[in-house]
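Below is one structure; the comments refer to it alone.
Structure follows, in structure tokens:
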């Protein structure tokens, strides 16, 4: 799946988690229903490799969502939902630089706890100027 198609899927109501799962299934040439069993048959090293590839894909997707839909409440919600299960730097960075939202200070604190200061120093403490929610 390419990023443009993934962005369109998000616009139509898919979650980043759905696209993460779809990416894994496509890499293994299996249906999403067969994914869990197929993953369990792989070596730990191959599972890690696939996970890293899928996270690279979703990271690029998060960047595109931030660039194309800066401040859009629906996209903010999609990114926040992704953060509930995946502590992805790209999602933190996009949220904290492109959106203003009620839980921003909590997300900011969590991101600063998870990632080194060299990656988080550009995140502002207060509302993001120009960002909307």
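Residue numbers (the numbering used here): 232 to 364. The beta-carbon is built from N, C-alpha and C at its ideal position, and this holds for glycine as well.
1. Going by beta-carbon coordinates alone, are residue 215 and residue 281 separated by less than 7 Å?
2. In whole angstroms, what is the alpha-carbon distance linking residue 247 and residue 310?
3. Note down, in chain order, each residue of its chain lying with its Cβ closer than 8 Å to the Cβ of residue 241, except the 5 sequence neighbours on either side.
4. In this structure, how does DSSP classify residue 254 when only helix, strand and coil are distinguished?
5. List the endpoints of the continuous alpha helix (DSSP H) containing residue 366.
6. Taking the alpha helix (DSSP H) that residue 236 belongs to, which residues open and close that run?
7. Use the C-beta contact count for residue 238: other C-beta atoms within 10 angstroms, 16 or more gives buried, fewer gives exposed.
8. Restricting to Cα atoms, I'd like to know which of 304, 271, 289 is closest to residue 320.
9. The ligand SAM heavy atoms versus the CB of residue 282: any closer than 6 Å?
10. Evaluate the contact criterion for the stretch 320-332 versus the stretch 346-353: three or more CB pairs, one atom per stretch, below 8 Å.
11. Given that a residue counts as buried once 16 or more other Cβ atoms are within 10 Å of its Cβ, and exposed if not, what is residue 299?
12. Starting from the C-beta of residue 364, find all residues in its chain whose C-beta is less than 8 Å away, skip the five residues before and the five after it, and write them out in chain order.
The relevant details are as follows:
1. There is no way to answer for residue 215, as the model of the chain reaches only from 232 to 364.
2. 8 Å
3. 247, 250, 292, 296, 306, 309
4. helix
5. A query on residue 366 cannot be resolved here, the shown segment of the chain reaching from 232 to 364 and no further.
6. 234-242
7. buried
8. 289
9. No copy of the ligand SAM appears in this structure; indeed no ligand is present at all.
10. yes
11. exposed
12. Because residue 364 sits at a pLDDT of 49, beneath the cut-off of 50, its placement in the model cannot be relied upon, and the following sentence gives the value as read from the coordinates. Cβ within range, chain order: 302, 304, 307, 330, 331, 332, 333.
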